[in-house]
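The block underneath contains the structure these notes are about, expressed in structure tokens.
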Amino acid sequence: MLLAERVAVACAHEVVLPSHSLHAYVRSLGLLPPHKGRVLGSGSFSGIRSHEVSLPTAERLRRDLGLHSQGPVIGFVGRLVRDKGVAELCRAFAEVQRHYPAAQLLLLGQFEEGDPLDEATRQFIQQQPGVIWGGYVFNVRDHYPLMDVFALPTYREGFPTVSLEAAASGLAVISTTATGARDAVQPGETGWQVPPGDVPALTLALLEALDDPVERRRRGSNAQAWVQSEFSPETVMRHWDELYEEVLARAQARRRVRGKVGWTAAALGSLALTALTVRTQFSCPRQ
């Protein structure tokens, strides 16, 4: 994998990474020379657009999933694999249920054979009261309004789009300090951050979010404003436009330089040929 990355980087004129922490990590591996790697703005490749969901749509989805209105809903969106911290989230949720028996955990995503969950976690998801497994969802953005807080206790990311989508919907986000994941949360302002794999810390963050609805909503409101400011498609596309203009200007400058060098070389070659011709003429013996 490292060899493949080195070849790709060597062949590229520019390398754009989705997050600043990933950029730092790739640099630490020695894969990126200083003049190649960059992050556009605050990150993200395409930006996140705000999405309004009507109340009838939200209520229909709530009924279809079997969510009740008596307890808070913790949401998760992603592949149901070990790397996403799903096992840790399930163990933390079991602790949360001791304090909030009516709490619900809404999991949206599919089980995968690559990096699979252990059997105990799969059984917990499929059998534990309060756990709602919605499977794969095509339009996941309609489901964020069903949640009270969003959790992504992942071990690694490039830049988690789902965290930004949840934030754009006004949700406080609980994630980890893992590479990529930490760029999508401002701890204390838009959500909570915990170390990857730390179930007690994750449990504490979930309980803090559920214990203080006012603070949870404050962070969710901050998250929404932050995403609209830094990650709107218009903002991200403006950064791409600036990059394309810069790359194009450099390419045009190189062509002009090559053109001048080529013209100069041609002129010098012509002069040399003329001089050689003249020298030959004068050096030829007369007949």
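The sequence shown begins at 88 in this note's numbering and counts up one residue at a time.
Glycine included, each C-beta is placed from N, C-alpha and C at the ideal position.
### Task
Report the three-state DSSP secondary structure of V272 (helix, strand or coil).
coil
### Task
Can you grab the Cα-Cα spacing for the pair H107 / V126, in whole Å?
6 Å
### Query
Roughly how many angstroms lie between the CA atoms of A296 and T290, to the nearest whole one?
10 Å
### Query
Count the other CB atoms within 10 Å of the CB of E175; is the residue buried (16 or more) or exposed (fewer)?
buried
### Query
Where does G307 fall in DSSP's three states?
In the three-state scheme derived from DSSP, where H, G and I count as helix and E and B as strand, G307 is classed as helix.
### Task
Sort out for me which residues DSSP pairs Q191 with in a bridge.
V160
### Query
Touching or not, the stretch 255 to 273 and the stretch 307 to 318, by the rule of three or more beta carbon pairs under 8 Å?
yes
### Task
Check A99 in the structure and name its three-state DSSP category.
Reduced to three states, the DSSP call for A99 is coil.
### Task
Starting from the Cα of D151, find the closest Cα among Q184, G221, Q215 and give me that residue.
G221
### Query
Going straight from the alpha carbon of P120 to that of H110, what length do you get?
CA-to-CA, the gap between P120 and H110 works out to about 11 Å.
### Task
Spatial neighbours of R136 within its chain, please: CB distance less than 6 Å, with the 5 preceding and 5 following residues excluded, ordered by chain position.
P320
#### Entry: Any C-beta of chain B under 8 Å from that of R305
Judged by its chain identifiers, the structure shown contains no chain B, having just a single protein chain.
### Query
Taking all protein chains shown into account, do 16 or more other C-beta atoms lie within 10 angstroms of the C-beta of L89, making it buried, or fewer, making it exposed?
exposed
### Task
Go through the stretch 107 to 131 residue by residue and report every complete run of the beta strand (DSSP E) that reaches 3 residues or more, in order.
124 to 126
### Task
Under 8 Å by Cβ, that's how I've got F180 and L192 pegged, so tell me the actual separation to the nearest angstrom.
5 Å
### Message
On the criterion of 16 or more Cβ atoms from any shown chain inside 10 Å, does D235 qualify as buried, or is it exposed?
### Response
buried
### Query
Which of helix, strand or coil does DSSP assign to L90?
helix
### Query
Taking Cβ positions, are L293 and A238 nearer each other than 8 Å?
yes
### Query
What are the uninterrupted segments assigned as alpha helix (DSSP H) that are 4 or more residues long and contained completely in the stretch 236 to 273, given in chain order?
248 to 255
### Message
Nearest by alpha-carbon distance to E302: which of T322, M324, E276, V140 is it?
### Response
E276
### Task
Give me the Cα-Cα distance between G217 and G158, rounded to the nearest whole angstrom.
For G217 and G158, the distance between alpha carbons rounds to 9 Å.
### Task
Name the one or two DSSP bridge partners that L104 has.
V126
### Task
Check whether the Cβ atoms of L116 and R169 lie closer than 8 Å to each other.
With contacts defined by Cβ atoms closer than 8 Å, L116 and R169 do not form a contacting pair.
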